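Some notes on the structure that comes next.
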Amino acid sequence: MFTENLAAFFDTDAFAESATYDGTPGVSVIYSAPGADAFNIGATAPEAMVAAADVAANPRGKTLVVAAGTFTIREFTP
(Lines of atoms letter the chains of each structure in order from A and count residues from 1; the text may use other names and numbers.)
(Lines give C-alpha, C1' and ligand atoms only; values in the text may rest on other atoms or scores of the structure.)
Protein backbone atom coordinates (compact mmCIF):
# COMPACT_ATOMS: atom_id res chain seq x y z
CA MET A 1 0.00 0.00 0.00
CA PHE A 2 1.24 3.45 -0.93
CA THR A 3 1.24 5.64 2.19
CA GLU A 4 3.27 8.68 1.13
CA ASN A 5 1.57 12.07 1.22
CA LEU A 6 1.42 13.24 -2.41
CA ALA A 7 -0.61 16.39 -1.74
CA ALA A 8 2.24 18.62 -2.95
CA PHE A 9 2.02 17.08 -6.43
CA PHE A 10 -1.68 17.89 -6.66
CA ASP A 11 -1.16 21.51 -5.58
CA THR A 12 -2.53 23.75 -8.35
CA ASP A 13 0.23 26.28 -7.63
CA ALA A 14 2.84 23.63 -8.47
CA PHE A 15 2.25 20.65 -10.77
CA ALA A 16 -1.53 20.26 -11.00
CA GLU A 17 -4.40 22.15 -12.55
CA SER A 18 -7.98 22.47 -11.48
CA ALA A 19 -10.48 20.33 -13.37
CA THR A 20 -14.12 19.37 -13.30
CA TYR A 21 -14.74 15.65 -12.81
CA ASP A 22 -18.23 14.31 -13.48
CA GLY A 23 -19.73 17.75 -12.84
CA THR A 24 -17.72 18.41 -9.66
CA PRO A 25 -15.40 21.42 -10.04
CA GLY A 26 -12.15 21.95 -8.17
CA VAL A 27 -10.60 18.50 -8.59
CA SER A 28 -6.79 18.71 -8.87
CA VAL A 29 -5.29 16.75 -11.77
CA ILE A 30 -1.96 16.43 -13.48
CA TYR A 31 -2.83 16.43 -17.19
CA SER A 32 -0.57 15.65 -20.13
CA ALA A 33 -1.02 14.87 -23.79
CA PRO A 34 2.23 13.24 -24.91
CA GLY A 35 3.03 13.36 -28.58
CA ALA A 36 1.08 16.47 -29.52
CA ASP A 37 2.99 19.13 -31.40
CA ALA A 38 2.26 22.85 -31.64
CA PHE A 39 -0.70 22.14 -33.96
CA ASN A 40 -2.02 19.20 -31.89
CA ILE A 41 -1.12 16.87 -34.73
CA GLY A 42 0.19 13.43 -33.91
CA ALA A 43 -0.74 10.35 -32.01
CA THR A 44 -1.72 11.50 -28.56
CA ALA A 45 -2.92 9.60 -25.57
CA PRO A 46 -4.12 12.20 -23.07
CA GLU A 47 -3.53 11.23 -19.47
CA ALA A 48 -4.70 12.66 -16.19
CA MET A 49 -3.47 11.66 -12.76
CA VAL A 50 -5.79 12.31 -9.85
CA ALA A 51 -5.96 11.32 -6.20
CA ALA A 52 -8.02 8.14 -5.90
CA ALA A 53 -10.15 9.71 -3.18
CA ASP A 54 -11.37 12.35 -5.67
CA VAL A 55 -12.88 9.94 -8.21
CA ALA A 56 -15.16 6.92 -8.39
CA ALA A 57 -13.63 3.45 -8.08
CA ASN A 58 -14.45 2.92 -11.76
CA PRO A 59 -14.47 6.29 -13.56
CA ARG A 60 -15.10 4.86 -17.06
CA GLY A 61 -17.68 6.92 -18.92
CA LYS A 62 -17.34 9.93 -16.60
CA THR A 63 -16.26 13.30 -17.97
CA LEU A 64 -13.15 15.27 -17.15
CA VAL A 65 -12.91 18.93 -18.13
CA VAL A 66 -9.46 20.52 -18.13
CA ALA A 67 -8.12 23.62 -19.88
CA ALA A 68 -7.28 21.47 -22.93
CA GLY A 69 -10.89 20.35 -23.39
CA THR A 70 -13.57 17.93 -22.31
CA PHE A 71 -12.78 14.23 -22.24
CA THR A 72 -14.70 11.04 -21.59
CA ILE A 73 -12.69 8.62 -19.49
CA ARG A 74 -12.25 5.41 -21.48
CA GLU A 75 -9.56 3.61 -19.49
CA PHE A 76 -8.00 3.94 -16.08
CA THR A 77 -5.25 2.44 -13.99
CA PRO A 78 -5.99 2.32 -10.28
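Counting from 1, position 59 in the sequence shown corresponds to residue 132 in this note's numbering; the numbering is continuous, with no gaps. Ideal Cβ positions, reconstructed from N, Cα and C, are used throughout, including at glycine. None of these values were measured; they are calculated from a predicted model.
- Task: Go to I103, then tell me how far its beta strand (DSSP E) extends in each direction, as first and last residue.
- Result: T97 to S105 is the span of the beta strand (DSSP E), which, as asked, contains I103.
- In chain order, what residues of the same chain have a beta carbon less than 6 Å from the beta carbon of F82, not counting five sequence neighbours either side? The beta carbon of F82 is closer than 6 Å to those of F88 in its chain, skipping five residues each way along the sequence.
- Run through DSSP, which three-state label would F88 get? coil
- Task: Rounded to whole angstroms, what's the CA-CA distance from I146 to Y104? Just pull it up for me.
- Result: Rounded to the nearest angstrom, the two C-alpha atoms are 13 Å apart.
- Indicate, with yes or no, if the ligand ATP has a heavy atom lying under 7 Å from the CB of V128. Here there are no bound small molecules, and the ligand ATP is not part of this structure.
- Report, in whole angstroms, the separation of the C-beta atoms of A80 and V139, which I expect to be a contact under 8 Å. Not a contact, Cβ separation roughly 19 Å.
- Message: For G142 and E77, I'd like the C-alpha separation in whole angstroms.
- Response: 31 Å
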